[in-house]
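A.B. asks: First residue of the sequence shown: 2, per the numbering used here; consecutive thereafter.
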Amino acid sequence: MINGKSQTRYDVIVVGGGPAGLSAALVFGRQRRRVLVIDGGNVRNAPASEMHMYLSRDGFPPARLLELGRAELAAYPSVELRRGAVRSARGKKDDFEVELDDGAVMWARRLVLATGQVDEPYPIEGLKERFGRGVYHCPFCHGWETRDRSLAVITRVPAESSLALYVADRFSDDVVLCTHGPLELPPVLATKFGEQGVRVIDTPIVRVTGEPGALELHFADGSTLARQDLYHRAPTRQHSALAAELGCELNADGTVRVNELQETTVPGVAAAGDTAKLPAVPDAPTLVSLGAADGVRAAVWMDGDLFRSDLGLTPS
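(1) From the DSSP output, in three-state form, read off S290 for me.
(2) Among R150, L291, L314, G19, which has the Cα closest to the Cα of M54?
(3) In angstroms, rounded to a whole number, what distance separates the CA positions of L69 and E196?
(4) Given a threshold of 16 other Cβ atoms within 10 Å of its Cβ, counted over all protein chains shown, does K93 qualify as buried or as exposed?
(5) Pick helix, strand or coil for V44, following the three-state DSSP scheme.
(6) Can you have a look at G296 and say buried or exposed, based on whether 16 or more other CB atoms are within 10 angstroms of its CB?
(7) What first and last residue would you give for the beta strand (DSSP E) that runs through H219?
(8) Of all the options F141, D222, D174, G85, which has the alpha carbon lying nearest to the alpha carbon of L152?
(9) Which residues bound the beta strand (DSSP E) around C142?
(10) Evaluate G305 with the Cβ neighbour count: other Cβ atoms within 10 Å of its Cβ, from every protein chain shown; 16 or more gives buried, anything less gives exposed.
(11) Round the Cβ separation of R1 and Q229 to the nearest angstrom and send it over; I've been treating them as touching at under 8 Å.
(12) Quick check on the DSSP output: what are the complete beta strand (DSSP E) runs of length 3 or more inside the segment 162-204, in order along the chain?
(13) Is DSSP giving T9 helix, strand or coil here?
(14) Would D222 be called buried (16 or more neighbouring beta carbons within 10 Å of its own) or exposed?
(15) Between the segment 207-227 and the segment 86-106, can you find at least three pairs of beta-carbon atoms closer than 8 Å?
(16) With a threshold of 7 Å on Cβ separation, who are the neighbours of D254 within its own chain once the five nearest residues in sequence on each side are excluded?
(17) Look at the alpha carbon of G248 and the alpha carbon of T265, and state the distance between them as a whole number of angstroms.
(18) Going residue by residue through the segment 94-135, where are the continuous beta strand (DSSP E) segments of at least 3 residues, counting only ones entirely within it?
(19) With G211 as the anchor, note down where its beta strand (DSSP E) starts and where it stops.
Structure (structure tokens):
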């Protein structure tokens with residue numbers, strides 16, 4: 002008992018039940034580790050009907066992938082899945098305490114944070130509602146489906162305006178860059194826009210209407226632009242403050258700083274999926290396949306750390 006609350010003990014608690022978290026749990030389950038997955042049910046790609054670049058699952062519904070993953074974990078009796086949110090986490094390696102929003106308190110020797118990020122599209126009426134359905138963030142994920150269509154790229158970030166050049170080079174000869182207000186573009190990019198036939202509109206956007214394949218941008222001056230699809234790299238934030246609460250160092254963009262083994266700067270805590278990045282790769286894409294790989298990587302190395310600790314082989 003701690004502070005009058007019962008406590009359950011695990012080798013590892015995985016916070017997050019997306020591709021990264023479930024993949025980590027699968028590794029731990031196969032190694033007969035007692036692991037708890039706490040799943041808040043908030044999945045970043047929930048609006049998307051398909052995922053891509055996941056071998057054997059190209060075009061597969063993301064929700065179905067998670068459903069199958071949870072079913073696979075049922076084969077491993079040492080893995081427990083629990084719906085809920087983590088209220089707080091504290092402690093140190095071999096002695097972490099996790100409190101859930103229902104007041105339950107759990108203990109674990111190690112933690113894996115796979116809580117993901119939240120996309121925050123620009124506050125343009127109708128943009129957020131269409132995110133993942135006609136408004137896309139990644140040409141790797143959706144470029145093939147938007148090929149040979151009329152496209153617009155919405156961004157206020159000069160460096161990200163190169164996305165318009167990318168989709169113009171690979172997928173469409175009808176691309177418009179919408180900067181949602183005056184924006185000073187790097188001269189080299191401005192020149193390339195002209196060479197590639199990318200038109201630039203700097204009038205603020207007031208709303209987006211229509212359906213995928215037939216969208217319309219409405220501008221502050223009363224003009225409109227019909228587009229079949231839009232690209233918008235929305236700003237993001239951490240879905241959970243647990244990493245900061247535990248003292249993990251963050252990168253400049255707010256993601257959790259990890260090394261090649263997915264270890265954070267706090268001993269005993271790993272982070273995987275969209276929530277984490279190597280500082281040397283700040284522009285790493287956020288893909289389902291990469292998130293799952295992160296989870297596997299984190300679990301394999303963490304299991305080895307537990308093994309060495311059990312045998313007293315960990316360096317002092």
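A virtual CB, placed ideally from N, CA and C, is assigned to each residue, including glycine. Just so it is clear, the structure is predicted and the values come from calculations on it, not from any experiment.
C.D. replies: So, to answer that:
(1) One-based indexing of the sequence shown puts residue 290 at position 289. S290 falls in the helix class under three-state DSSP.
(2) One-based indexing of the sequence shown puts residue 54 at position 53. Among R150, L291, L314, G19, the Cα nearest to that of M54 is on L291.
(3) Translated into the one-based positions of the sequence shown, residue 69 becomes position 68. Translated into the one-based positions of the sequence shown, residue 196 becomes position 195. Going from the Cα of L69 to the Cα of E196 covers about 47 Å.
(4) As a working mapping, residue 93 is identified with position 92 in the sequence shown. Per the 10 Å Cβ criterion, exposed.
(5) Position 43 of the sequence shown, counting from 1, holds the residue named residue 44. Of the three classes helix, strand and coil, the one that applies to V44 here is coil, per DSSP.
(6) Start at 1 with the first residue of the sequence shown, and residue 296 comes out as number 295. Answer is buried; the Cβ neighbour count reaches 16.
(7) Taking the sequence shown and counting its residues from 1, one reaches residue 219 at position 218. Counting along the chain, the beta strand (DSSP E) containing H219 begins and ends at 215-220.
(8) For the purposes of this step, residue 152 is taken as the residue at position 151 of the sequence shown. Minimum Cα distance to L152 is reached at D174.
(9) Position 141 of the sequence shown holds residue 142. Careful: C142 lies outside any beta strand (DSSP E), inside the alpha helix (DSSP H) at 140-143.
(10) As a first step, residue 305 is located in the sequence shown; it is residue number 304 there, counting from the start. Classification for G305: exposed.
(11) Since the displayed the chain opens at 2 and closes at 317, residue 1 lies outside it and no answer follows.
(12) 176-179, 200-202
(13) Taking the first residue of the sequence shown as position 1, residue 9 is located at position 8. Three-state result, T9: strand.
(14) Looking up residue 222 in the sequence shown gives position 221. With fewer than 16 Cβ atoms within 10 Å of its Cβ, D222 is classed as exposed.
(15) no
(16) Looking up residue 254 in the sequence shown gives position 253. The residues are P283.
(17) Residue mapping note: residue 248 aligns to position 247 of the sequence shown, counting from 1. Residue mapping note: residue 265 aligns to position 264 of the sequence shown, counting from 1. Using only the alpha carbons, I get a separation of about 9 Å.
(18) 96-101, 106-114, 118-120
(19) Reading the sequence shown from its first residue, position 210 is the one you call residue 211. 206-212 is the extent of the beta strand (DSSP E) around G211.
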